[in-house]
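The structure under discussion appears below in the form of structure tokens.
Numbering (our numbering), first residue to last: 895 to 1513.
Below is the structure:
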């Protein structure tokens, strides 16, 4: 590009006026920094000469021509500054984002968050169609890198500032900024810079799927929608802090560092403060939203993500002008922690007060038991976070001693052996069993009451055993106590059901005066067999419709029943069969062989519908 004609004898004012777009037609559509380097240096030297001459003279002695020329030069440099910035406004490229992911070293958040997702895809963020596939793949690649990396977090190695503009452009911008600041145009320089670079940050936000939503907008969203956004927010925030904001800070330092006290920090803060607030508003809205149990794990995901990012935030926003950003991040983290503690407390109360009174058919596992134990298992997956957050013991002990609606349990025996979080999990199990015990009373059959408690406590034990983290937390002592409780319920079931059945097979009341062999009352014996048949048929008809869903437990209880029933019946039948068979219609009294009973027991606890069971009996 050709520059306006000049001569070597031109004064600084003449050089500056020659590029005055308001006066020189030739300069109106031309940019100095698009000319050759000699012309750029010539203009900058003219500005330097003019600045030195004005600095060396008193204000009263400064010529109007020099003052006017300096004003024109600053206006021109401002335009040049803006033009160079606008020429390099492409959002940070996908390759830079992808290359940065190998430095992310936290491994647990994404895998836990993914396991709780209702959907693996989010349709809540608007991507430009041509960018969506490649950019989302980069994010997915980022998350996989995080999951496979070391769990040891080192914030100083995770920040990666990339070059946002070419080095020659950064040099030109610094040359301009140096002269504008020297001439007292610092504010104008910062305003131009911040307005242009903020638009670039906004464009990057759009590509990351970060929406412009206020706290109120977020709180009005359905929770399932928020869940999908949380996963995307965590990934986007890592990129923003560790790459995008770090790169913007690096660019500010390249241009402004050392030119004026804290100018680079001020400029950086002016550029990103609005986007940072927009970014943090999302987590802030979640932290102060209405609490409910299903929100706990996503809140913990947010807490973990922000906690891991906090050292990086403190580094990227280390300056005094960015103090409000550091404070905001720390406050949001604190509110997320408080929200998690509050939800856990409210969950405990909800388990205790769960009001359903309709008995579960067949005495099987109550939905509340499944829900609570699955919830507890997930809590144990977050133990490293929650152990730090949960520092107060459950609200139990003497103050509940007179409250019949709350179990009273002394946790002093666990002190020093388990964590405070483990105490809360044990307490949740205690109040769950307390609630279940109340629900068991709605069964009219006492045997089913015990079977119901056996099923549910056994499920608690199995879920605990199936989670290494949960088992380690609550300890084997309490697990043995739970095992003893469901076995106690099984024993109570056997007593409630089979004592009356076995009562029919006793010898008492069958003998009359005389020798043992000839002193059997046949009428009493017939009544005894008839009573056994009626009672056993009733038990069989009823308990074949009951359900023990755990195959091993079902088989163990059947074996236990057989061990009680079959030897007693075999012995009774062996002693008294001949007395019945010697009379009329023995088939009316001896309806079961030993083998028949063994087969009948196999029907127990299968959960057959009544109609199906009747059809089986009639076949």
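Built from N, CA and C at the ideal position, the CB exists for glycine as well.
Look at the alpha carbon of residue 1474 and the alpha carbon of residue 1398, and state the distance between them as a whole number of angstroms.
-> 15 Å
**Q.** Buried or exposed (CB count within 10 angstroms, at least 16 for buried), residue 1250
**A.** exposed
| message | Using a 10 Å radius around the Cβ and a threshold of 16 neighbouring Cβ atoms, would you call residue 1479 buried or exposed? | response | exposed
ask   = In whole angstroms, what is the alpha-carbon distance linking residue 971 and residue 1144?
value = 22 Å
*From 1094, 1059, 1436 and 1444, pick the residue whose C-alpha is nearest to that of residue 1494; which is it?*
1436
- Task: Using the Cα positions of residue 1146 and residue 1158, report the straight-line distance between them to the nearest angstrom.
- Result: 5 Å
Problem - N- and C-terminal bounds of the alpha helix (DSSP H) containing residue 1516 - result: Within the shown structure, residues of the chain are numbered from 895 to 1513, placing residue 1516 beyond reach of any answer.
Note the first and the last residue of the continuous alpha helix (DSSP H) segment covering residue 1453.
1445-1475
(Q) Contact defined as beta carbons within less than 8 Å: I believe residue 1215 pairs with residue 1155. What is the distance between those atoms, to the nearest angstrom? (A) Actually they do not touch by this definition, with Cβ atoms about 11 Å apart.
State the start and end residues of the unbroken alpha helix (DSSP H) segment that holds residue 932.
931-950
Could you give the first and the last residue of the continuous alpha helix (DSSP H) run that contains residue 1440?
From DSSP, residue 1440 is part of no alpha helix (DSSP H); its letter is neither H nor E.
Unbroken alpha helix (DSSP H) run spanning residue 1128, endpoints = 1117-1133
Exercise for the section: Report buried or exposed for residue 1333, applying the criterion of at least 16 other Cβ atoms within 10 angstroms of its Cβ. Expected result: buried
Roughly how many angstroms lie between the CA atoms of residue 1105 and residue 1097, to the nearest whole one? 11 Å
- Name the two residues that bound the continuous alpha helix (DSSP H) containing residue 1065. 1061-1076
Segments assigned alpha helix (DSSP H), at least 4 residues, entirely inside the segment 1339-1383: 1340-1359
| Proximal residues to residue 942 (C-beta, below 8 Å), its chain only, five neighbours per side dropped | 1073
* To do: For residue 1414, I'd like the list of residues in its chain whose CB is within less than 8 Å of its CB, leaving aside the five on either flank, ordered along the chain.
  => 1404, 1405, 1406, 1470 and 1473
| field | Helix, strand or coil at residue 1428 according to DSSP, with G and I counted as helix | value | helix
- If you count every other CB in all the chains shown that lies within 10 Å of the CB of residue 1228, and 16 or more means buried, which is it? exposed
**Q.** Burial state of residue 1299 (16 or more Cβ within 10 Å)
**A.** exposed
message: Within 10 Å of its beta-carbon, does residue 979 have 16 or more other beta-carbons around it, so buried, or fewer, so exposed?
response: buried
**Prompt:** At which residues does the alpha helix (DSSP H) containing residue 1269 begin and terminate?
**Reply:** 1261-1275
Original post:
Grouping DSSP H, G and I as helix and E and B as strand, with all else coil, what is residue 1405?
Top reply: strand
Q | Supposed contact pair residue 1139 and residue 1166 - C-beta distance, whole angstroms, cut 8 Å | A | 6 Å
Less than 8 Å between the C-beta atoms of residue 1133 and residue 1176, yes or no? no
I'd like to check one pair, residue 1103 with residue 1125: are the Cβ atoms closer than 8 Å? no
**Study point:** Any 3 or more C-beta pairs closer than 8 Å across the segment 1351-1370 and the segment 1420-1434
**Key:** no
*Would you check if the distance between the CB atom of residue 1353 and the CB atom of residue 1346 is smaller than 8 Å?*
no
Under 8 Å Cβ to Cβ from residue 1452, same chain only, skipping five residues before and after it: list those, please. 1495, 1496, 1498 and 1499
Check: Cα separation between residue 912 and residue 924?
Finding: 11 Å
* To do: Within 10 angstroms of the Cβ of residue 1288, are there 16 or more other Cβ atoms? Answer buried if so, exposed if not.
  => buried
Review point. With a cut-off of 8 Å, do at least 3 Cβ pairs link the segment 1235-1243 to the segment 1181-1189?
Key: yes
*Candidates 949, 946 and 906: closest to residue 966 by CA position*: 906
At least 3 beta-carbon pairs within less than 8 Å: the segment 1365-1372 vs the segment 1308-1319: yes
Going straight from the alpha carbon of residue 1013 to that of residue 1226, what length do you get? Per-residue confidence for residue 1013 stands at a pLDDT of 30, beneath the threshold of 50, marking its modelled position as unreliable; no derived number is given.
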